[in-house]
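> Please see the structure below; I have some questions.
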Amino acid sequence: MQVVSNPLSAKITELVEKSTRRLVVSAVTLAGGAFDTKHVILSDGSQVVVKLPKQNGQNLAIEGKSVDYLSAHTSLPQPKVFYIGDDAFIHEFILADGVLTFSSEPQAAQMLAELHKNTSSDFGFDFDTVYQGNIQPNKKSKKWVPFFTENRLLFVAKQAMNAGYLPVEVGKKIEQLAGKLSKYIDEPAKPCLIHGDINSSTILCYKGAVKSFVDPAVCFADNEYEFIHTGKQSSFSKKFFNIYNDHMPLRVGFFEVRLPIYNLYPLLCDIRAGKTQEMDIVLQTLNRFL
Numbered sequence: 011m012q013v014v015s016n017p018l019s020a021k022i023t024e025l026v027e028k029s030t031r032r033l034v035v036s037a038v039t040l041a042g043g044a045f046d047t048k049h050v051i052l053s054d055g056s057q058v059v060v061k062l063p064k065q066n067g068q069n070l071a072i073e074g075k076s077v078d079y080l081s082a083h084t085s086l087p088q089p090k091v092f093y094i095g096d097d098a099f100i101h102e103f104i105l106a107d108g109v110l111t112f113s114s115e116p117q118a119a120q121m122l123a124e125l126h127k128n129t130s131s132d133f134g135f136d137f138d139t140v141y142q143g144n145i146q147p148n149k150k151s152k153k154w155v156p157f158f159t160e161n162r163l164l165f166v167a168k169q170a171m172n173a174g175y176l177p178v179e180v181g182k183k184i185e186q187l188a189g190k191l192s193k194y195i196d197e198p199a200k201p202c203l204i205h206g207d208i209n210s211s212t213i214l215c216y217k218g219a220v221k222s223f224v225d226p227a228v229c230f231a232d233n234e235y236e237f238i239h240t241g242k243q244s245s246f247s248k249k250f251f252n253i254y255n256d257h258m259p260l261r262v263g264f265f266e267v268r269l270p271i272y273n274l275y276p277l278l279c280d281i282r283a284g285k286t287q288e289m290d291i292v293l294q295t296l297n298r299f300l
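In terms of my numbering, the sequence shown opens at residue 11 and continues consecutively.
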């Protein structure tokens with residue numbers, strides 16, 4: 011069968027065909043994202059996504075392991091996986107007409123509450139995961155505040171400083187806040203399994219129904235940490251949190267105190283990538299809690 015358009019190498023084309031047991035008909039490159047992502051149409055009309063590393067050391071297989079874990083241990087809908095490796099991650103293409111909307115929020119809230127009922131004796135995970143294309147450590151801990159402090163807040167702040175985007179004086183303020191986090195963040199009752207990268211683009215919907223959650227960065231954490239992006243996005247309405255709260259009650263002080271502190275992590279990740287326009291929000295949060 012003739013390939014109409016194929017930006018895949020001969021090696022990756024062979025890998026797709028071997029893992030799916032179908033021929034590649036066409037492929038196009040999708041814009042954006044941490045990886046080089048292709049949308050591929052196969053000979054039977056089915057479609058897959060092929061993620062390729064943009065640079066060495068991106069640990070692409072980790073995302074595949076995260077999807078595999080969620081598929082095996084939870085009811086959270088995931089795309090079918092065909093191949094996992096550092097050279098490529100091949101999974102089912104999810105037909106969607108949009109992302110999370112007001113009409114699909116109730117279903118998404120219930121699904122995430124159900125996910126968070128999976129618990130562990132430790133915070134962290136059996137392997138490090140990938141967040142925005144970068145490794146994030148998951149060294150296990152019996153306590154949440156030390157885990158968040160070392161594996162998230164101080165970890166990304168150090169990387170942002172090493173990249174030259176986070177001024178040393180701001181880094182020192184982050185260290186000061188890290189030393190007093192137990193004043194603002196209480197210990198959750200138990201570690202809960204989270205998707206780890208919930209935002210308006212990782213919940214795929216079709217005709218108002220949730221079809222799949224993509225791009226996971228799983229770990230056992232404070233269940234409220236799942237919503238770190240909601241400090242930056244308007245995609246999650248009061249309706250979403252009311253329904254989630256019916257299934258998994260949010261602790262007092264989440265919106266006012268813990269959410270803005272947790273939101274420092276994605277903001278610092280953006281700064282690490284050179285998006286220094288987020289610095290003002292970081293400074294406002296630091297000045298508020300120091």
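From the three backbone atoms N, C-alpha and C, an ideal C-beta is built for every residue, glycine too.
1) May I ask you to list the residues that DSSP assigns as paired with H49?
2) Within the chosen definition, does the segment 139-154 reach the segment 171-191 through at least 3 CB pairs nearer than 8 Å?
3) Buried or exposed: where does Q65 fall if 16 or more other Cβ atoms within 10 Å of its Cβ makes it buried?
4) Could you check where the alpha helix (DSSP H) with A167 kicks off and where it finishes?
5) Closer than 8 Å by C-beta to L260: which residues in its own chain qualify, once you throw out the five before and the five after it? Chain order, please.
6) Hey, could you find the ends of the beta strand (DSSP E) S222 is sitting in?
7) Ordered along the chain, which non-local residues of its own chain (more than five positions away) have a Cβ less than 7 Å from that of S151?
8) In chain order, what residues of the same chain lie with their CB nearer than 7 Å to the CB of V166, ignoring the 5 residues before and after it?
9) State the start and end residues of the unbroken alpha helix (DSSP H) segment that holds F157.
10) Per DSSP, what are the beta-bridge partners of S151 in this structure?
11) Measure how close the beta-carbons of S222 and P87 come, nearest whole angstrom, since I'm counting them as under 8 Å.
12) Output yes or no for whether 7 Å exceeds the beta carbon distance between P226 and W154.
13) Assign G74 to buried or exposed, taking buried as 16 or more other Cβ atoms, counted over all protein chains shown, within 10 Å of its Cβ.
To lay it out plainly:
1) V38 and V59
2) no
3) exposed
4) L164 to N172
5) E234, F251 and Y254
6) A219 to F223
7) D132, F133, G134 and F157, listed in sequence order.
8) Excluding positions up to five away in sequence, the list reads Y275, L278, C279 and R282.
9) Unbroken alpha helix (DSSP H) run through F157: W154 to F158.
10) According to DSSP, S151 bridges with F133.
11) 5 Å
12) no
13) Classification of G74: buried, given that the 10 Å Cβ count is 16 or more.
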